[in-house]
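Novice: Supplied in structure tokens, the structure appears directly below.
Protein chains: 2
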Amino acid sequence: MKPTVHDIAARAGVSLATVDRVLNGRPGVRAPTREKVEAAVAELGFVRDVAAANLAKSRVYTFAFIIPANDNSFMIGLRGELEAVRRWAAQDRISIQLIDVPAFDAEALASALDAVRAEQMDGVAFVAIDHPLVREALERLTESGLAAVTVVSDLMNSSRAHYAGIDNLAAGRTAATLLGRFLGRRDGPILPVAGSLQVQDHRERLEGFQSVLQDQFPERVLLPVVEGGDDPVRVEALVSQAAADHPELAGIYSFGAGNRGLIRALAAFPQGRHPVTIAHELTSVTRAALLAGHIDAVLNQDAGHEVRSAIRVLKAKADGAGVVVAQERIRIDIFLKENLP
Amino acid sequence: MKPTVHDIAARAGVSLATVDRVLNGRPGVRAPTREKVEAAVAELGFVRDVAAANLAKSRVYTFAFIIPANDNSFMIGLRGELEAVRRWAAQDRISIQLIDVPAFDAEALASALDAVRAEQMDGVAFVAIDHPLVREALERLTESGLAAVTVVSDLMNSSRAHYAGIDNLAAGRTAATLLGRFLGRRDGPILPVAGSLQVQDHRERLEGFQSVLQDQFPERVLLPVVEGGDDPVRVEALVSQAAADHPELAGIYSFGAGNRGLIRALAAFPQGRHPVTIAHELTSVTRAALLAGHIDAVLNQDAGHEVRSAIRVLKAKADGAGVVVAQERIRIDIFLKENLP
DNA sequence: CTGTTAGCGCATTCAC
DNA sequence: GTGAATGCGCTAACAG
């Protein structure tokens with residue numbers, strides 16, 4: 125049988141209350157007593173039963189998710205996953221509060237973080253924006269003992285406990301390899317379509333893409349990157365324009381949102397002159413395009429996995445427990461028509 | 125506050141014991157009393173606190189994993205994942221027993237299943253072999269109220285509660301698309317290398333592969349499949365032989381184990397005549413080969429995910445709870461050099 | 001058939 | 001500083 129607090133108390137010759145004080149690092153125990161208890165814990169290999177502890181405390185974990193009020197399919201999907209996970213999480217006594225902030229608004233994000241700090245929650249997950257205001261708010265947060273994890277977009281060299289998202293540099297590199305190899309000997313330039321180069325993720329994807337292209341496919345011409353602002357209408361216009369300017373257009377790497385516009389532009393290409401296209405995020409739009417043959421591959425980050433991972437990590441931090449590292453690594457999923465879920 | 129058994133008892137005008145009897149479907153309650161309790165449960169929206177219940181019962185979930193004593197890297201990795209998950213699972217009061225059976229031995233598997241049944245465990249996960257003896261043992265198992273899930277290899281139209289593994293037909297189709305597109309206009313036949321066509325998984329992969337190849341790349345010649353028996357030595361000999369017989373060999377799809385032999389054979393190819401190669405399962409061998417450029421893509425099933433998924437499903441069944449469906453779907457991972465974890 | 005009671009492993013008042 | 005007692009939500013004897 126696993127040792128309990130009773131066993132520890134007996135072994136150390138003290139009462140339950142004292143054991144509890146030591147275990148939870150509370151004051152009011154003389155050093156020699158504390159050492160006796162710690163020795164007993166080590167000798168018996170005691171590990172506290174978190175479930176029982178939570179029951180006794182009637183503990184409810186309260187986590188906040190700060191999500192940009194962005195209306196693209198990916199963010200909508202993320203919200204959906206969060207909602208779906210809520211009931212599942214409730215069974216584990218964890219309650220999740222969803223906080224909306226305007227998209228791309230560092231100031232709003234920073235004050236949302238401060239608000240969370242004021243509410244004394246157990247942890248917070250947020251889609252990061254790399255901005256001094258956000259960084260400062262994050263530091264304040266972690267200094268108050270709150271666990272913070274970034275989701276989808278990271279904040280390097282900060283005090284966040286974890287990042288639940290993909291390596292965007294690697295994603296760009298993957299796209300380049302796939303596109304280069306799918307194109308084979310087919311001539312023609314490649315058009316990179318960003319959402320916004322203001323965003324760290326997109327910059328990283330582009331950087332990875334360019335680097336592999338130069339390295340592995342040096343003869344391939346890369347057109348100047350265009351920014352669609354994650355807006356279908358603008359994306360459609362930009363792609364159509366590029367098609368007109370470069371009749372030989374052979375490939376497209378779309379690494380922002382607004383893929384609805386991309387698909388519309390692609391549908392206008394003449395048969396057989398269809399550029400090889402790779403896009404990001406599996407949504408109803410990209411899924412349909414993949415099946416229809418308009419898109420050749422989709423790189424995806426699993427929003428559900430990201431949400432669940434963030435919660436697991438937050439809970440582990442709150443319990444002072446460890447995580448299964450491999451389980452928390454978010455993969456760069458490659459979807460072709462054939463391996464669609 | 126969430127309602128507790130006390131609230132139900134008060135609302136229904138009965139005692140805790142009676143509530144408990146109804147909740148757990150135990151006999152000894154008159155129909156009208158039972159209905160009163162059920163009404164109270166429904167009205168208050170009561171859901172029982174599984175953690176508290178387990179604490180009261182001192183419940184320990186006991187699950188068995190029946191794994192073939194196969195010494196290929198994938199199975200070794202699977203064992204490793206199982207081991208890694210054990211400590212994590214122990215925190216949730218779940219104990220996992222690992223049972224070895226000789227590989228490809230239906231009779232041994234069937235008696236292992238019977239042994240598990242005799243031991244009154246809570247659930248069992250096993251790598252299935254499609255054989256009448258196994259099917260019968262499985263039926264006996266589930267009829268005794270045990271939950272069973274298949275891992276890696278499924279048993280269709282059986283009473284298993286869940287399959288934690290990939291769609292092998294889709295995997296074969298994915299391989300064909302990737303290989304066909306990577307080859308582009310390069311001439312030459314493709315060699316399919318199986319482990320054993322006795323195994324359902326391998327048959328399915330081949331079937332999917334052939335079907336897409338005929339459909340999408342009808343001009344491509346597919347050589348007769350060779351069976352390496354998951355043995356590196358035999359695989360090396362077979363691939364070398366094929367290379368000698370077909371100097372123009374352009375592609376290889378290896379969908380069994382023994383990839384160490386495949387890599388050795390590939391290393392002997394002259395520069396620039398290297399066939400485009402796709403293999404299964406990311407191991408230290410295939411990872412190194414991917415990085416070295418000997419292999420072009422690896423299709424993978426995440427053994428850690430499969431193990432954790434099997435455990436989650438088994439636990440959910442034992443609790444009579446539901447699962448997050450999307451979380452339990454095992455993806456066909458595509459790994460290129462660029463998106464290696 | 002139904003109710004009372006004592007715990008599961010831990011945390012938290014309150015006395016001493 | 002330390003200890004005894006009570007309860008978290010639920011189950012499982014044992015009575016009645």
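Just so you know, the sequences run in chain order D and X.
Numbered according to this note's numbering, the first sequence spans residues 125 to 465.
Numbered according to this note's numbering, the second sequence spans residues 125 to 465.
Beta carbons: idealized from backbone N, C-alpha and C, even for Gly.
1. Take valine 161 of chain D as the anchor and find which of D:Ala180, D:Arg150, D:Val174, D:Gly137 has the nearest alpha-carbon.
2. What are the boundary residues of the beta strand (DSSP E) that phenylalanine 379 of chain D is part of?
3. Between glycine 428 of chain X and arginine 158 of chain X, what straight-line distance do the alpha-carbon atoms span, to the nearest angstrom?
4. Which residues in chain D sit within 7 Å of aspartate 457 of chain X, going by Cβ to Cβ distance?
5. If you measure beta-carbon to beta-carbon, which residues of the region 174-195 of chain X are closer than 8 Å to chain D?
6. Since aspartate 369 of chain D contacts valine 400 of chain D with CB under 8 Å, what's their CB separation in whole angstroms?
7. If the cut is a Cβ gap below 8 Å, which residues of chain D does leucine 460 of chain X touch?
8. Return yes when the Cβ of glycine 296 of chain X is within less than 8 Å of the Cβ of threonine 274 of chain X, no when it is not.
9. Considering only residues of the same chain and omitting the five flanking positions on each side of leucine 307 of chain X, which have a CB-CB separation below 7 Å?
10. Return the chain-ordered ranges of every alpha helix (DSSP H) run that is complete within the region 245-291 of chain X and spans a minimum of 4 residues.
11. State yes or no: is the beta carbon of asparagine 148 of chain D nearer than 8 Å to at least one beta carbon in chain X?
12. Cβ of leucine 265 of chain D versus every heavy atom of the ligand HEM: is any distance shorter than 7 Å?
13. Report the residues of the region 205-219 of chain X with a CB closer than 9 Å to any CB of chain D, ordered along the chain.
14. Interface residues of chain X around phenylalanine 306 of chain D at Cβ under 9 Å?
15. Can you give me the Cβ contacts of serine 268 of chain X inside the same chain, cut-off strictly under 7 Å, excluding the 5 residues immediately before and after it?
16. In terms of residue numbering, what span does the beta strand (DSSP E) encompassing isoleucine 132 of chain D cover?
17. Give me the DSSP bridge partner(s) of valine 317 of chain X.
18. Which runs of the beta strand (DSSP E) at least 3 residues long sit entirely within the region 163-203 of chain D? Give them in chain order.
19. State the start and end residues of the unbroken alpha helix (DSSP H) segment that holds glutamine 340 of chain X.
20. Tell me which same chain residues have a C-beta within less than 8 Å of the C-beta of leucine 415 of chain D, skipping the five on either side of it?
21. Who does asparagine 463 of chain D pair with in a DSSP beta bridge?
22. If you follow the alpha helix (DSSP H) that threonine 142 of chain D is part of, which residue opens it and which one closes it?
23. Which residues of the region 328-351 of chain X have a Cβ closer than 9 Å to any Cβ of chain D? Give them in chain order.
24. For a contact defined as C-beta to C-beta under 8 Å, what are the partners of arginine 388 of chain X on chain D?
25. Taking isoleucine 190 of chain X and valine 248 of chain X to be in contact with their CB atoms under 8 Å, please state how far apart those CB atoms are, rounded to whole angstroms.
26. Under 8 Å between C-beta atoms, does proline 399 of chain X make it to chain D?
27. Write down the C-beta distance between arginine 432 of chain D and valine 184 of chain D rounded to the nearest angstrom, noting that I regard them as a contact closer than 8 Å.
28. Which residue from D:Leu337, D:Phe250, D:Ala403 puts its Cα closest to that of aspartate 229 of chain D?
29. Would you check if the region 445-454 of chain X and the region 403-411 of chain X touch, i.e. whether three or more CB-CB distances between them fall below 8 Å?
30. In the DSSP output, which residue or residues are listed as bridge partners for alanine 220 of chain X?
31. Do the region 382-401 of chain X and the region 349-359 of chain X make contact, defined as three or more Cβ pairs closer than 8 Å?
32. Taking Cβ to Cβ, would you say leucine 347 of chain D is nearer than 8 Å to leucine 315 of chain D?
33. Provide the residue span of the beta strand (DSSP E) that contains histidine 429 of chain X, from first to last.
34. What is the C-beta distance between phenylalanine 198 of chain D and isoleucine 220 of chain D, in whole angstroms, given that I count them as a contact (C-beta under 8 Å)?
35. The beta strand (DSSP E) that contains threonine 410 of chain X, what's its start and end?
36. Cβ of alanine 450 of chain D less than 8 Å from any chain X Cβ?
Specialist: To lay it out plainly:
1. Position 37 of the first sequence, counted from the first residue, corresponds to residue 161 of chain D. The candidate whose alpha carbon is nearest that of valine 161 of chain D is D:Gly137.
2. The count along the first sequence starts at 1 and reaches residue 379 of chain D at position 255. Looking at the DSSP string, phenylalanine 379 of chain D is not in any beta strand (DSSP E), and its letter there is neither H nor E.
3. Position 304 of the second sequence, counted from the first residue, corresponds to residue 428 of chain X. Position 34 of the second sequence, counted from the first residue, corresponds to residue 158 of chain X. Cα to Cα, glycine 428 of chain X sits roughly 43 Å from arginine 158 of chain X.
4. Indexing the second sequence from 1 puts residue 457 of chain X at position 333. Arg455, listed in chain order.
5. Shown in chain order are the members of the region 174-195 of chain X whose Cβ falls below 8 Å from a Cβ of chain D: Val174, Ala175, Ala176, Asn178, Leu179.
6. Position 245 of the first sequence, counting from 1, holds the residue named residue 369 of chain D. Position 276 of the first sequence, counting from 1, holds the residue named residue 400 of chain D. For a cut-off of 8 Å, the C-beta gap from aspartate 369 of chain D to valine 400 of chain D is around 18 Å, too long to register as a contact.
7. Numbered from its first residue, the second sequence carries residue 460 of chain X at position 336. Chain D residues near leucine 460 of chain X: Thr298, Thr301, Leu302, Ile458.
8. Taking the second sequence and counting its residues from 1, one reaches residue 274 of chain X at position 150. Taking the second sequence and counting its residues from 1, one reaches residue 296 of chain X at position 172. Cβ distance not < 8 Å, so threonine 274 of chain X and glycine 296 of chain X don't count as in contact.
9. Counting from one through the second sequence, the residue named residue 307 of chain X turns up at place 183. Cβ within range, chain order: Ala374, Gly375, Val400.
10. Runs found: 256-267.
11. Here residue 148 of chain D is taken as the residue at index 24 of the first sequence, counted from 1. Residue-level contact check: asparagine 148 of chain D does not touch chain X, since none of the beta carbons of chain X fall below 8 Å from its beta carbon.
12. Ligands displayed in this structure: none; no statement on the ligand HEM is therefore possible.
13. Listed by position along the chain: Glu205, Ala208, Val209, Arg211, Trp212, Ala214, Gln215, Asp216, Arg217.
14. Here residue 306 of chain D refers to the residue found at position 182 when the first sequence is read from its first residue. The contacting residues are Arg305, Phe306, Gly308.
15. Here the question's residue 268 of chain X lines up with position 144 in the second sequence. Excluding the 5 residues flanking it on each side, serine 268 of chain X has same chain C-beta neighbours closer than 7 Å at Arg241, in chain order.
16. Residue mapping note: residue 132 of chain D aligns to position 8 of the first sequence, counting from 1. Not the beta strand (DSSP E): isoleucine 132 of chain D falls in the alpha helix (DSSP H), residues 129-136.
17. In the second sequence, the residue the question calls residue 317 of chain X occupies position 193. X:Val350, X:Ser378.
18. Runs of the beta strand (DSSP E) inside the region 163-203 of chain D: 185-192.
19. For the purposes of this step, residue 340 of chain X is identified with residue 216 of the second sequence, where counting begins at 1. Where glutamine 340 of chain X is concerned, the enclosing alpha helix (DSSP H) stretches over 324-340.
20. By one-based count along the first sequence, residue 415 of chain D stands at place 291. Listed in chain order, the non-local C-beta contacts of leucine 415 of chain D below 8 Å within the same chain comprise Lys461, Leu464, local neighbours out to five positions each way being set aside.
21. Taking the first sequence and counting its residues from 1, one reaches residue 463 of chain D at position 339. DSSP output for asparagine 463 of chain D lists no bridge partner at all.
22. Working through the first sequence from its first residue, we reach residue 142 of chain D at position 18. Segment 140-147, the alpha helix (DSSP H) holding threonine 142 of chain D.
23. Within the region 328-351 of chain X, the qualifying residues are Gly332, Val336.
24. Taking the first residue of the second sequence as position 1, residue 388 of chain X is located at position 264. Going along chain D, no residue has its Cβ under 8 Å from arginine 388 of chain X, so there is no contact; the nearest lies around 25 Å.
25. Position 66 of the second sequence, counted from the start, is the residue given in the question as residue 190 of chain X. Position 124 of the second sequence, counted from the start, is the residue given in the question as residue 248 of chain X. Indeed they touch by this definition, with Cβ atoms about 7 Å apart.
26. Working through the second sequence from its first residue, we reach residue 399 of chain X at position 275. Residue contact check for proline 399 of chain X against chain D: no CB pair falls below 8 Å.
27. Here residue 432 of chain D corresponds to residue number 308 of the first sequence, with the count starting at 1. Here residue 184 of chain D corresponds to residue number 60 of the first sequence, with the count starting at 1. Going by Cβ atoms, the distance from arginine 432 of chain D to valine 184 of chain D rounds to 19 Å, so no, they are not a contact pair.
28. Translated into the one-based positions of the first sequence, residue 229 of chain D becomes position 105. Cα-wise, what sits closest to aspartate 229 of chain D is D:Phe250.
29. No: fewer than three Cβ pairs fall under 8 Å.
30. Within the second sequence, residue 220 of chain X is the residue found at index 96, counting from 1. Alanine is not the amino acid found at residue 220 of chain X; the sequence shown has isoleucine there. Isoleucine 220 of chain X is bridged to X:Phe187.
31. Judged by Cβ distances under 8 Å, the region 382-401 of chain X makes contact with the region 349-359 of chain X, as three or more pairs qualify.
32. Residue 347 of chain D sits at position 223 when you count from the first residue of the first sequence. Residue 315 of chain D sits at position 191 when you count from the first residue of the first sequence. Yes; because the gap between Cβ atoms is below 8 Å, this pair is in contact.
33. Here residue 429 of chain X corresponds to residue number 305 of the second sequence, with the count starting at 1. Segment 427-443 is the alpha helix (DSSP H) holding histidine 429 of chain X; no beta strand (DSSP E) there.
34. Looking up residue 198 of chain D in the first sequence gives position 74. Looking up residue 220 of chain D in the first sequence gives position 96. Contact doesn't hold; Cβ gap of about 19 Å is too wide.
35. For the purposes of this step, residue 410 of chain X is identified with residue 286 of the second sequence, where counting begins at 1. Here threonine 410 of chain X belongs to no beta strand (DSSP E); instead the alpha helix (DSSP H) covers 408-416.
36. Residue numbering aside, residue 450 of chain D sits at position 326 when the first sequence is read from its first letter. A Cβ of chain X is located within less than 8 Å of the beta carbon of alanine 450 of chain D.
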